[in-house]
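Residue numbers (the working numbering), protein chains in the order written: chain A, 9 to 265; chain B, 9 to 265. The block underneath contains the structure these notes are about, expressed in structure tokens.
Number of protein chains: 2
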Amino acid sequence: MMRGLPALWAEIRVNGMQSQQSRVLVQLRDLILKGAFAPGERLAEIPIAERLDASRTPVRLAFATLEQEGLVQSSPSGGYVMRAFTRKEIDDAIAVRGVLEGMAARLVAENGLTRQMQEDMNDCLRLGDEALAAPELTIDAYADYVEMNNRFHDLLLKFADNAALTRAIELNNRLPFAAASATLPMHSSTGDGRQWLLITHNQHRSILHAIERREGTRAQALAMEHVEVARMNLRHAYETADESRGLMPALRLLSRP
Amino acid sequence: MMRGLPALWAEIRVNGMQSQQSRVLVQLRDLILKGAFAPGERLAEIPIAERLDASRTPVRLAFATLEQEGLVQSSPSGGYVMRAFTRKEIDDAIAVRGVLEGMAARLVAENGLTRQMQEDMNDCLRLGDEALAAPELTIDAYADYVEMNNRFHDLLLKFADNAALTRAIELNNRLPFAAASATLPMHSSTGDGRQWLLITHNQHRSILHAIERREGTRAQALAMEHVEVARMNLRHAYETADESRGLMPALRLLSRP
DNA sequence: CTATTTATGAATGAATGCAGTGTCAAGCGA
DNA sequence: TCGCTTGACACTGCATTCATTCATAAATAG
């Protein structure tokens, strides 16, 4: 890039962008998860650097991180290649998430909820109630539910108060379709999307109920079972892959079974 | 470094060293885990680059990876700082390892062992028998046991056949004292080291027994309990921190309780 | 016409130069 | 003597340059 820009960066930095490194990392990860690259495609530094308006250095830094996250893999002949994800990989990652979130739920149950925690979780559930109140599921209500869902899982993790657990789940969630809300949109096109959300919402309620009663094993089992919905959604996505492609471009990252 | 060296690199590369990037990453991680830097210490690029005989670029790359691994943290004012690890963090990571290895054991039990797998695991246990056969524990026997221990856990993970699980455990094991064999040496100075190894070895045997009988829940419970020895060793290390410092320099990475 | 070899070019890995900023210390003022 | 200010040094972040390697394509030989 041009040499005169540093003065501009200060301005950019104030506007919320920290550095080229993090900006490139976030934007590149976003591109990948939006399916901008085909599996197996060579990720050349120069075009990407130009596309993100940075030099090759921060792009290389981002690649190092993305490789750790498992989104790209380094080619033996140098450079990086877009990864493909098999169905088994995603399924396995969902299973791992089940185990880890089960652990989180158990820990919270065992440690007990403070008054504040209880209020936060209940607020969260209330938002879900509101999102699902109407008999017809609008797009906005859908977005609200997804946000609530993320918040519920984040709160559980936060209250579990285990940094290693948080790290493990965050790594796991980097894989496409492994995160809690990643598979939710798959049913939004079909009419029965609301049905599924009602089911998962009820599961949330049961988990909180178990936690409140300090039933650790029950909370754990419920949280593990909770991810089965994600697995079903994934299967649905595979079966209707061709129609869903337009809605979820990241589906192209899944290798054909 | 000097420009004329590339010709030499080719030679080095043939000798097993892949690239500056990986070499610097491995060596720097090694330095960190050997306690070469004090917690909170600023990790300046230039001295480290000179120390590892590379330029600043691969060092920066390595920092990016090590930050992902949680060994260093980026300072808000730029650059990287050596992390300190609290006892709770290590304890939590050991708990996470217990849950993940419990999952691995359960998966292997549920999927069943092939003849080959069974032989591999039994070979592994036999090596442990041999290492512990003598009434007195020599240093060599100790090393053999540690190697066997690593192999046992690796085999379990391999047979579980779940890439996400492997990734999660590997990330977890990057933390000092969180990995399976990381806390084993702590008792080696004391006389009762062999006692503990006998206990963990027996646990291995029980886990395999449960797996062979496809008792998934039992295998999982045993694997979870198995990490308690690590937690005890960690406590022992904290209590005898001052004497053990010479044996395990990485102990200085633990922040004072 | 096909296969092998060579040559050219593009892209990576590594090093270095440059600008900006943070930090530390010394000096000055109160 | 203590605190504040200012200046200098050092270090980071980024861009760019350089050398090597890999891949692709073309040309020649069989």
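For glycine and all other residues, C-beta sits at the position ideal for the given N, C-alpha and C.
Residue i Cβ short of 7 Å to the ligand COA heavy atom set
| i | result |
| --- | --- |
| B/D148 | Inclusion of the ligand COA in the displayed structure is not the case, the ligand content being empty and no account of it being possible. |
Chain-order list of residues whose beta-carbon lies under 8 Å from that of residue i (same chain, five-residue window excluded)
| i | result |
| --- | --- |
| A/L242 | R95, I98, D99, I102, F185, T191, M194 |
| B/N210 | none |
| A/V67 | V32, L36, E53, I56, A57, L60 |
| B/Q126 | E220 |
| B/L259 | G43, A245, A249, S252, R253 |
Residues of its chain near residue i, where Cβ-Cβ distance is below 6 Å and the 5 sequence neighbours each way are ignored
| i | result |
| --- | --- |
| B/K42 | P257 |
| A/A227 | A113, R114, A117, I215, A218, I219 |
| A/M232 | G106, G110 |
| B/A187 | N181 |
| B/A229 | none |
| B/I40 | L79 |
| A/E144 | none |
| B/D148 | none |
Three-state class that DSSP yields for residue i in the structure shown
| i | result |
| --- | --- |
| A/F167 | helix |
| B/M156 | helix |
| B/V80 | strand |
| B/L133 | helix |
| A/R226 | helix |
| A/L140 | coil |
| A/S27 | coil |
| B/L239 | Note that residue 239 of chain B corresponds to Arg in the displayed sequence, not to Leu. B/R239: helix per DSSP, three-state reduction. |
| A/L183 | coil |
| A/R50 | strand |
| B/L145 | coil |
| B/L262 | strand |
| A/K221 | Lys is not the amino acid found at residue 221 of chain A; the sequence shown has Arg there. Coil, per DSSP. |
| A/F71 | helix |
| B/L36 | helix |
Residue i versus the options, residue with shortest Cα-Cα distance
| i | options | result |
| --- | --- | --- |
| A/F167 | A/P84, A/Y153, A/E109, A/T208 | A/E109 |
| A/P84 | B/D148, B/Q26, B/L36, B/V67 | B/Q26 |
| B/L51 | B/D38, B/L230, B/L135, B/Q81 | B/Q81 |
| B/D38 | B/R64, B/A70, B/S63 | B/A70 |
| B/R213 | B/L145, B/H234, B/L255, B/S252 | B/H234 |
| A/L206 | A/R182, A/A171, A/G254, A/L135 | A/L135 |
| A/R182 | A/Q29, A/V34, A/Q28 | A/V34 |
| A/R267 | A/G201, A/Q28, A/G86 | No information on residue 267 of chain A is available, as it lies outside the stretch 9 to 265 that chain A covers here. |
| B/A151 | B/A172, B/G201, B/A171, B/A229 | B/G201 |
Cut-off 7 Å between Cβ atoms - residues of its own chain near residue i, not counting five sequence neighbours on either side
| i | result |
| --- | --- |
| A/C132 | M156, R159, F160, L163 |
| B/M129 | L163, L216 |
| A/L314 | In this structure chain A extends from 9 to 265, so residue 314 of chain A is not present and cannot be described. |
| B/R239 | D99, I102 |
| B/N170 | L115 |
Cβ contact check for the region 73-80 of chain A and the region 106-122 of chain A: 3 or more pairs under 8 Å: With the cut-off at 8 Å, the region 73-80 of chain A and the region 106-122 of chain A do not touch.
Cβ contact (3+ pairs, closer than 8 Å) linking the region 45-53 of chain B and the region 79-92 of chain B: Cβ pair count under 8 Å is three or more, so yes.
The region 102-115 of chain B contacting the region 166-177 of chain B, beta-carbon criterion three pairs below 8 Å: In short, these stretches touch, since the Cβ pair count reaches three.
Any 3 or more C-beta pairs closer than 8 Å across the region 131-145 of chain A and the region 219-234 of chain A: These segments do not touch.
Every unbroken beta strand (DSSP E) inside the region 76-127 of chain B [3 residues or more]: For the beta strand (DSSP E) assignment, the uninterrupted runs of no fewer than 3 residues enclosed by the region 76-127 of chain B are, from N- to C-terminal side, 80-82, 88-90.
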